[in-house]
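Q:
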Amino acid sequence: MAMAVIEVGAALLGACVGSFLNVVIWRLPQEDPRRRSLGGRSHCPNCGAKIRWHDNLPVLGWLLLRGRARCCQQPFSIRYPLVELLTAALFLALAIWPPYGPAFVPLADGSYVVHTEAAVAMLLHAIFLSLLIANSFIDLDHQLLLDVLTKPGMVIGLLAGFWPGLAGPISTAPESPLALRTLLGSVIGLLAGGGVTWAIRIVGTKVFRKEAMGFGDVKFMGMIGAFLGWQAALLTMFLGCVFGALIGGVGVLFGGAAKIPFGPFLALGALVAMFAAQPILNFLFVTWPEWQRSSPSAQWFLPVLALLSLFALFVLVRRGRR
Ligand SMILES: [Zn+2]
43 MAMAVIEVGA ALLGACVGSF LNVVIWRLPQ EDPRRRSLGG RSHCPNCGAK
93 IRWHDNLPVL GWLLLRGRAR CCQQPFSIRY PLVELLTAAL FLALAIWPPY
143 GPAFVPLADG SYVVHTEAAV AMLLHAIFLS LLIANSFIDL DHQLLLDVLT
193 KPGMVIGLLA GFWPGLAGPI STAPESPLAL RTLLGSVIGL LAGGGVTWAI
243 RIVGTKVFRK EAMGFGDVKF MGMIGAFLGW QAALLTMFLG CVFGALIGGV
293 GVLFGGAAKI PFGPFLALGA LVAMFAAQPI LNFLFVTWPE WQRSSPSAQW
343 FLPVLALLSL FALFVLVRRG RR
């Protein structure tokens, strides 16, 4: 029963945070500093009328108004409720998915144990998820990853390293949960995430004579590395390239999407790495090589992977970005 309360609570909190993220995504990239402020009442982006509190409820408000503003009947994008649902789903996942949750574990005699580590991990990673979502949608809209989000993200990620046992999705040896060691893990994660992106940026620019990746991507990957550690950061970059190649390839085939930002793909990679880094790394570095040794006909995997990565670089290099 109490578990259900916590799960519903996490989802509701996620929906409310998602509603706030919609405001962040809309306001932060604005050129006019007065419109950039996050405080104050919500206004209709079309006619400027104040929005009533009940029309502003996450998901419900959109459904009640059937996607049209009360003031001027201008249709609202379906993206607003979708961002709220996405945030709710991810917060719910945090609440039940080890090592982020569950923070409250029921015992046989009906009492509960509170896992402070899981509770802190959940809170910090809720911030991390919010940063991933806000950055992704701003990048989609403006081909821009904002310092005002990625730099504090790096700092919070490093602070998360101070908390013993919080070294991201890769389990560390249980006998060594020293704060200094996990902090080091965060620092190395930041350097690895930012560094590998920096290297791709330099090589890509040399080879293709065009800016391959923005410096915003470097800082964004630094933030991801600070939260998730270096193994998951490298996995994030790999997955980001694979997703970018697949989805970008489909976009090029159907309609020639010219400008595809890389941020959302990195965020998608970070999400997958956050919840499934250990099984994926086990598959790539243990299960697959063993299977390949026993079955020599499976050599096609590596060439395919190399081609896919090249294609990813090609797709990414088509864009110039800040
Ligand atoms: Zn309006």
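Here the sequence shown is numbered in our numbering, starting from 43 and rising by one per residue.
Every residue, glycine too, gets a C-beta built ideally from N, C-alpha and C.
Under 7 Å: does the beta carbon of N88 sit that close to some heavy atom of ligand 1?
A: yes
Q: Let me know if T278 comes out buried or exposed under the rule of 16 or more other beta-carbons within 10 Å of its beta-carbon.
A: Residue environment: T278 is assigned as buried (16 or more neighbouring CB atoms within 10 Å of its CB, all protein chains considered).
Q: In whole angstroms, what separates the C-alpha of G246 from that of V346?
A: 20 Å
Q: For C311, which option in G286, F325, I302 and G199 has the closest C-alpha, if you only look at C-alpha atoms?
A: Checking the sequence, you will find Gly at residue 311 rather than Cys. Looking only at G286, F325, I302 and G199, the smallest Cα-Cα distance to G311 is reached by G286.
Q: What is the DSSP secondary structure of R121, counted as helix, strand or coil?
A: helix
Q: Along the chain, where does the beta strand (DSSP E) that runs through F269 open and close?
A: Here F269 belongs to no beta strand (DSSP E); instead the alpha helix (DSSP H) covers F257 to L270.
Q: Could you check where the alpha helix (DSSP H) with F62 kicks off and where it finishes?
A: A44 to R69
Q: State the start and end residues of the unbroken beta strand (DSSP E) segment that holds V147.
A: F146 to P148
Q: Does DSSP put H85 in a helix, a strand or coil?
A: Strand, per DSSP.
Q: Could you tell me the boundaries of the alpha helix (DSSP H) in which V155 lies?
A: Segment Y154 to V156 is the beta strand (DSSP E) holding V155; no alpha helix (DSSP H) there.
Q: On a Cα-Cα basis, can you pick out the residue from P123, C113 and R243 that is closest to G258?
A: Nearest of P123, C113 and R243 to G258, Cα basis: R243.
Q: Determine the DSSP secondary structure at R110, reduced to helix, strand or coil.
A: Three-state DSSP puts R110 in a strand.
Q: Below 7 Å, is the gap between the Cβ of Q320 and the nearest heavy atom of ligand 1?
A: no
Q: Starting from the N-terminal side, write out each stretch of the beta strand (DSSP E) that is 3 residues or longer and does not extend beyond the stretch 174-198.
A: none
Q: Of all the options G290, A268, F269 and F307, which has the alpha carbon lying nearest to the alpha carbon of F280?
A: F307
Q: Is C283 near ligand 1, in the sense that its beta carbon is under 7 Å from a heavy atom of that ligand?
A: No, ligand 1 has no heavy atom inside 7 Å of this Cβ.
Q: In terms of residues, what are the limits of the alpha helix (DSSP H) holding L310?
A: G305 to N324
Q: For P144, collect the residues of the same chain with a Cβ closer than 8 Å to its Cβ; drop the 5 residues on either side in sequence, then sort them by chain order.
A: Taken in chain order, the residues that qualify are M45, I48, A137, I138, H157 and A160.
Q: Quick check: does the Cβ of C113 come within less than 7 Å of any heavy atom belonging to ligand 1?
A: Answer for C113: yes, Cβ within range of ligand 1.
Q: Could you tell me which residues DSSP pairs with K92 in its beta bridges?
A: Answer by DSSP bridge pairing, in chain order: H85.
Q: Please list, in chain order, all residues of the same chain as D183 whose beta carbon is under 8 Å from its beta carbon, the five residues on each side excluded.
A: I67 and P71
Q: Pull up the CB-CB distance for L231 and G267, whole angstroms please, since I reckon it's below 8 Å.
A: Here the sequence assigns Gly to residue 231, which means Leu is not the residue at that position. The Cβ separation is near 4 Å, so the contact holds.
Q: Beta carbon of R110, beta carbon of Q116: below 8 Å?
A: Yes.
Q: Alpha carbon to alpha carbon, how far is F118 from C86? Give it in angstroms, no decimals.
A: Cα to Cα, the separation comes out at about 10 Å.
Q: So what's P100 in DSSP terms, helix, strand or just coil?
A: coil
Q: Would a C-beta distance cut-off of 8 Å place Y122 and W95 closer than the cut-off?
A: no
Q: Taking only beta-carbon positions, decide if V284 is within less than 8 Å of chain B.
A: Judged by its chain identifiers, the structure shown contains no chain B, having just a single protein chain.
Q: Out of G60, G81 and V59, which one is the CA nearest neighbour of R69?
A: G81
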